[in-house]
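At the far end of the sequence shown sits residue 109, using our numbering, and the numbering has no gaps.
The structure appears below as structure tokens.
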Amino acid sequence: QVQLVESGGGLVQPGGSLRLSCAASGFTFRYYAMSWYRQAAGKERELVATITSTGGSTNYADSVKGRFTISRDNGKNTVYLQLNSLKPEDTAVYFCYIATFNYWGQGTQVTVSS
């Protein structure tokens, strides 16, 4: 069955960096686009970034362009989200998502605070 397991979240100071990972299993990872979403407390879940199956094309929310980078390693069945220049407003639970199967990971908490 489809599984997505996120890791890499934590507490970081403003201006800091984190790298999130999402390990996928239960499907042929290299065939499918993948996305990262986030949900802050009291707010709706929002799309952060998407990457095509080959990694040849990416898209980002305006709020993270130039600061976050989505990438993937099809040999490791893993999608990554590099978070740089973090701001307090980036605080949220970050989720990995595969639209084809409408399946979400369990999420990983990112907290940006001094």
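Don't be surprised by glycine CBs; every beta carbon is placed ideally from N, CA and C.
Please read these numbers as outputs of a predicted model, since none were measured by experiment.
**Item:** Identity of the residues DSSP links to Asp68 by a beta bridge
**Value:** Thr73
**Cut-off 6 angstroms between Cβ atoms - residues of its own chain near Thr106, not counting five sequence neighbours on either side** = Leu6, Thr86
**Asked** According to the neighbour-count rule (16 or more other Cβ atoms, all chains shown, within 10 Å of its Cβ), is Ser58 buried or exposed?
**Response** Its Cβ having fewer than 16 others within 10 Å, Ser58 is exposed.
**Message:** With distance defined between alpha-carbon atoms, name the residue in Ser2, Gln8, Val(-3), Gln(-2) nearest to Asn79.
**Reply:** Gln8
**Message:** Going by DSSP in three states, Phe63 sits in which element: helix, strand or coil?
**Reply:** Correct three-state label for Phe63: strand.
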